[in-house]
Amino acid sequence: MHQSSTQFLLQTPRISGEGEVMPRINDYKCNKCDLRLPRGWGYCLYVEDDNGKRVPCYHPVEGRFIKQVLGERASLEEVVRERAGFNSPCICLDCLHRFEADLGERGWSPYRLNLERDLPRRKKDKRQCPCCKSKNIKTELEMVGQPCPECEEGVIEEIWTGSVS
Ligand SMILES: [Zn+2]
Ligand SMILES: [Zn+2]
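Quick note on my numbering: the sequence shown kicks off at 578 and runs consecutively.
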């Protein structure tokens, strides 16, 4: 039976079952020094409130967060399309500043078969460090396999913690 995205949002998302898997929780860290990037799977769904502030929607009850922020709206599906996105943890390779940005990077999400298909594909943020203005920045997932910007000897590795969420 067809289930619309709007209906889907109002329920606790189904996160396992046919065609869907639970996200693996990974550590992202240098194999030489103590540089660590946030644990997770490289993304966090967010939705903008009425003031444009990005509210993170934590897994596995993303739907509940979205509903809390947006309330009951007739055109919830449209509002979500406009206001939702994925923030990625980022690091500036020049000044090592850490920040979050929506660069339009997409990947595994509990909504792969549902909500994510309807999310905006455009990136909302510039590829630029908010601190030093360098354009030499990378997301957590782009850092995997890359030289460590801190010790310049190690490589950033993605290591499964053994847990799923
Ligand atoms: Zn390092
Ligand atoms: Zn910077």
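For glycine and all other residues, C-beta sits at the position ideal for the given N, C-alpha and C.
Distance CB(residue i)-CB(residue j) smaller than 7 Å
i: Y620; j: F663; result: yes
i: S740; j: I602; result: yes
i: Y623; j: R613; result: no
i: R658; j: E625; result: no
i: C709; j: C610; result: no
Nearest-angstrom beta carbon gap, residue j and residue i [assumed within contact, 8 Å]
i: N608; j: L670; result: Contact flag wrong, Cβ pair sits at about 18 Å.
i: T738; j: D604; result: 6 Å
Residue closest to residue i, alpha-carbon to alpha-carbon, out of the options
i: C672; options: G648, P726, F642; result: P726
i: V656; options: I733, K644, D611; result: K644
i: K736; options: W618, M599, E625; result: One point to set straight first is that residue 736 is Ile, not Lys, in the sequence displayed. The residue with the shortest Cα to Cα distance from I736 is W618.
i: M720; options: E625, R675, N628, V646; result: R675
i: L718; options: R704, A678, S665; result: S665
i: P558; options: D679, E730, E729, M599; result: Here the chain comprises residues numbered 578 to 742, so residue 558 is not present and cannot be evaluated.
i: K701; options: N628, E677, M599, S742; result: E677
i: N628; options: V646, R616, V638, E639; result: V646
i: C820; options: R704, P724, V732, C728; result: The displayed coordinates of the chain run from 578 to 742. Any statement about residue 820 would go beyond what the structure contains.
Those residues which DSSP pairs with residue i across a bridge
i: D604; result: I736
i: C660; result: It should be pointed out that residue 660 corresponds to Arg in this sequence rather than to Cys. BP columns for R660 are empty, so no partner.
i: P724; result: V732
i: V638; result: According to DSSP, V638 bridges with nothing at all.
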